[in-house]
Amino acid sequence: MNLPNMKAAKVRGAEVVQYLENINKKESAFEGKNYFLRTYGCQMNVHDSEEISAIVENLGYQKVDKMEMADLVILNTCAIRENAHDKVFGYLGRLKHLKKEKPDLVIAIGGCMPQQESVTNEILKKHPYVDIVFGTHNIHDLSRLLLEHQKKQEIEVYSIEGNVYENVLYKRDSKITAWVNIMYGCDKFCTYCIVPFTRGRQRSRELTPILAEVRELKEQGYQEITLLGQNVNAYGKDLANPVSFATLLREVATIGVPRIRFVTSHPWDFTDEMIDIIAKYDNIMPYIHLPLQSGSSRILKLMGRRYTKEDYLSLFQKMKEKIKHVAITTDIIVGFPNETREDFESTIDVVRTCEFDGAYTFIFSPREGTPASLMKDNISLEEKESRLQQLNELVNSNSLKKNQEYLDKIVSVLIEGISEKDSKKVYGYTDTMKLVNVIALPDVIGKIIQVKITDAKSFSLDGEQVL
Ligand code: SAH
Ligand code: SF4
Ligand code: F3S
């Protein structure tokens, strides 16, 4: 990527780098100053924001939850669909006003958007008051960029690849549940997707440091860890001495954290061995997010997903048979270029058959540089919106039906905090990742308790603690 004002792009292979010393050192350069961090996008970005928080807090900044109170505003951005991108540009408009009132305000943009050259150029052109631009591969440079920033723009985005960083410091949002990166990037290059461009090629962490991190989290009292990657099932295939995700799961399970989760799974790499391990270990949660994307084999081929409708259905059935009370959720794109009514009906057919516990549904959004953005499309937006609505109605009725199966049952719930809707209740998740609002005293926060389910809605359950 050649950006104006950009310092020489640093292009390296995916080597393992121990986390930079200067980040571990507590600086007091910004003591007494506040920062506001807004995160868009997927869990990967949420976890990256925990790294960003650690970096800026080590420089002396303190977190605030209103941007008006901040001396530093950081936007950790997402590029997955046009509307994610629009949200950030909308927010930049608000920051422009704030900067007028507060000229010393420092605005930093990071995450997936700056990894696209055209977007960084757009930021620089339309929003010259942005102070710092960094990408997903050089988060660790943020401390240096902040220290170097002297009222001129600092732009540093590594264009090609990132490394694998170890001993990364995180300011974790929760003391109960934690994310653990097992890999970075993605090699699948689904034809619609920007992620391989914004996150680079797949780079797995070695097994040993992952296990060490999980052990440390267990010692710190974490009740749940989620193994994180764009395609966790392909974990370890890129290592010099390949390790399978099944092996990683088994090793993590034996450490004994009460709850282990993982996202996201790609159907193509999901092996029988992985299913057997999930079924075997009680502390691997019976919940799988298994993106379908489309139920039409013709569209799946155009998407480069490497499985057919039949492959997906047979994998789904195998999971249902082998993993006790497993819950499966999915992602679906409607309106892929030239998706016919028949293609769409195939998707509806899969959704009817699978009765997913939940589904995230999206209208196809062309992303610059991806093959699908160049495909001719003859389907109108009205038609796409009507398909989305039809799909959502089915998805929501399935979710309600699945949730109703929990009525009057007693289930284990890990309580994470006070319920947002009702301060007299606490909330948590079942092993199958159902949100439950529970009548219980707040001293159960951080504990796994037994809950009797008293009401079921499409997106949550209500219950009371069973003592
Ligand atoms: N790695 C994950 C998904 C990451 S992106 C996986 O492979 O499943 C999350 C979801 O966003 C995708 O599953 C897909 O449904 C959706 N998505 C990705 N690119 C999109 C695009 N160009 N338009 C609409 N939805 C998209
Ligand atoms: Fe994108 Fe496909 Fe990789 Fe998921 S597997 S991140 S959809 S390229
Ligand atoms: Fe968005 Fe980047 Fe995640 S594009 S979905 S934040 S990997």
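Under the numbering used here, the sequence shown has 546 at position 441, and the numbering climbs by one with no breaks. The beta carbon of each residue, even a glycine, is placed where N, CA and C say it ideally should be.
Report the three-state DSSP secondary structure of Leu540 (helix, strand or coil). Three-state DSSP puts Leu540 in a strand.
Please report the residue range of the beta strand (DSSP E) in which Arg143 lies. Note, Arg143: beta strand (DSSP E), Asn139 to Thr144.
Only counting runs of 3 or more residues, tell me where the beta strand (DSSP E) segments fall wholly within the segment 161–244, in order along the chain. Entirely contained in the segment 161–244, the beta strand (DSSP E) runs reaching 3 residues are, in chain order, 177–182, 211–216 and 237–239.
Pick from Asn338, Val500, Met408 and Gln167: whose alpha carbon is nearest that of Ser133? Ranking Asn338, Val500, Met408 and Gln167 by Cα distance to Ser133 puts Gln167 first.
Consider the C-beta atom of Pro301 and the heavy atoms of the ligand SF4; say whether any pair is separated by less than 7 Å. For Pro301, the shortest separation between its Cβ and any heavy atom of the ligand SF4 lies below 7 Å.
For the structure I just gave you, are there three or more beta carbon pairs, one from the segment 163–181 and one from the segment 131–150, closer than 8 Å? The way I'd put it, the segment 163–181 does touch the segment 131–150; three or more beta-carbon pairs between them come closer than 8 Å.
From Arg411, Thr458, Ile380 and Phe467, pick the residue whose C-alpha is nearest to that of Thr352; which is it? Nearest option by C-alpha distance: Ile380.
Proximity below 8 Å, CB of Gln398 to CB of Thr369: Against a cut-off of 8 Å, the Cβ pair of Thr369 and Gln398 comes out as no contact.
Name the residue from Arg320, Thr282 and Lys406 whose alpha carbon lies nearest to the alpha carbon of Ala358. If you compare the alpha carbons of Arg320, Thr282 and Lys406 with that of Ala358, the shortest gap goes to Arg320.
Quick check on this structure: which residue in Phe467, Lys427 and Asn268 has the alpha carbon closest to the alpha carbon of Pro396? The shortest C-alpha separation from Pro396 is found at Phe467.
Out of Glu510, Arg446, Val518 and Leu572, which one is the CA nearest neighbour of His430? Checked all of Glu510, Arg446, Val518 and Leu572; the closest Cα to His430 is Glu510.
Rounded to whole angstroms, how far is the Cβ of Ala464 from the Cβ of Ile438, which I believe are closer than 8 Å? Not really, about 11 Å apart at Cβ, beyond 8 Å.
If you draw a straight line from the C-alpha of Leu251 to the C-alpha of Asp536, how long is it? Across the structure, Leu251 and Asp536 are spaced so that their CA atoms are roughly 41 Å apart.
Within the same chain, show all residues whose beta-carbon is closer than 8 Å to that of Leu566, passing over the 5 residues directly before and after it, in chain order. Sequence-distant partners of Leu566 (beyond 5 residues in either direction) whose C-beta falls short of 8 Å from its own C-beta, in its chain, are Asn508, Tyr511, Thr535, Lys539, Leu540, Val541, Asn542, Ile558 and Asp560.
Please work out which residues of its chain come closer than 7 Å, Cβ to Cβ, to Ile544, disregarding the five sequence neighbours upstream and downstream, and give them in chain order. So the qualifying residues of the chain are Lys530, Glu569 and Gln570.
Quick one: is Ala175 buried, meaning 16 or more other Cβ sit within 10 Å of its Cβ, or exposed? Around the CB of Ala175, 16 or more other CB atoms lie within 10 Å, so the residue is classed as buried.
Quick one: Cα of Lys293 to Cα of Ile287, how far? Each residue's Cα considered, the two are about 17 Å apart.
What do you reckon, is the C-beta of Thr452 under 7 Å from a heavy atom of the ligand SAH? No, the beta carbon of Thr452 sits no closer than 7 Å to any heavy atom of the ligand SAH.
Candidates Leu164, His242 and Glu136, of which the one nearest Gly267 by Cα: Considering only Leu164, His242 and Glu136, the residue with the shortest C-alpha distance to Gly267 is His242.
Counted within 10 angstroms of its Cβ, other Cβ atoms place Ala345 as buried (16 or more) or exposed: Note on Ala345: under 16 other CB atoms within 10 angstroms of its CB, so exposed under the neighbour-count rule.
Using only the heavy atoms of the ligand F3S, determine whether one of them is closer than 7 Å to the beta carbon of Ala561. It does not: the Cβ of Ala561 is nowhere closer than 7 Å to a heavy atom of the ligand F3S.
Looking at the unbroken beta strand (DSSP E) that takes in Arg364, where does it start and where does it end? Note, Arg364: beta strand (DSSP E), Arg364 to Val368.
C-alpha gap between Gly440 and Phe421, whole angstroms: If you take the alpha carbons of Gly440 and Phe421, they lie about 24 Å apart.
Going straight from the alpha carbon of Ile389 to that of Tyr340, what length do you get? Whole-angstrom Cα-Cα distance: 17 Å.
Would the beta-carbon of Phe449 fall within 8 Å of that of Arg492? At a Cβ-Cβ threshold of 8 Å, Phe449 and Arg492 count as neighbours.
Cα-Cα separation, Val616 to Cys217: Because the chain here runs from 106 to 572, residue 616 falls outside it and cannot be looked at.
Which residues bound the alpha helix (DSSP H) around Asn497? Counting along the chain, the alpha helix (DSSP H) containing Asn497 begins and ends at Leu486 to Gln509.
What residues match up with Met288 in a beta bridge as DSSP calls it? Met288 pairs with Ser309.
Cβ pair Leu316, Glu356 closer than 8 Å: In this structure, Leu316 places its C-beta atom within 8 Å of the C-beta atom of Glu356.
Roughly how many angstroms separate the alpha carbons of Ile157 and Asp246, rounded to a whole number? For the pair Ile157 and Asp246, the Cα-to-Cα distance works out to about 10 Å.
Spell out the partners DSSP gives Leu566 in its beta bridges. Beta-bridge pairing links Leu566 to Val541 and Ala561.
Is it the case that the CB of Tyr297 approaches a heavy atom of the ligand SAH more closely than 7 Å? Taken from the Cβ of Tyr297, at least one heavy atom of the ligand SAH lies inside 7 Å.
Could you give the distance in angstroms between the alpha-carbon of Pro363 and the alpha-carbon of His254? Rounded to whole angstroms, the gap between the alpha carbons of Pro363 and His254 is 44 Å.
State yes or no: is the C-beta of Arg304 nearer than 7 Å to some heavy atom of the ligand F3S? Yes, the beta carbon of Arg304 sits closer than 7 Å to at least one heavy atom of the ligand F3S.
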